[in-house]
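The sequence shown begins at 1239 in the working numbering and counts up one residue at a time.
Glycine residues also receive a C-beta, built at the ideal position from the N, C-alpha and C atoms.
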Amino acid sequence: IGVFSIAAWAIAASFVVLFILKKTIGLRVTKEEEVDGLDIHEHKTNVYN
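Now the structure itself:
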């Protein structure tokens, strides 16, 4: 019963954290940022040629 209790708690806690992140800063980048590369959009530099 302990394993199921911990699993349920972990799932619930993960859901709460991900829900809050999704509603505030979001979980994904835009399609343009994904295609161009995150190094350019986040750091203003091209790391890989």
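Look up residue i in the DSSP assignment and say whether it is helix, strand or coil.
i	result
leucine 1265	coil
tryptophan 1273	Sequence inspection shows valine at residue 1273; the tryptophan mentioned does not correspond to that position. DSSP places valine 1273 in helix when its eight states are reduced to three.
isoleucine 1239	coil
lysine 1282	coil
Quick one, are the C-beta atoms of residue i and residue j less than 8 Å apart?
i	j	result
leucine 1256	leucine 1265	yes
Report all residues from its chain with a CB closer than 7 Å to the CB of residue i; omit the five preceding and five following residues, and keep chain order.
i	result
isoleucine 1278	Asn1284
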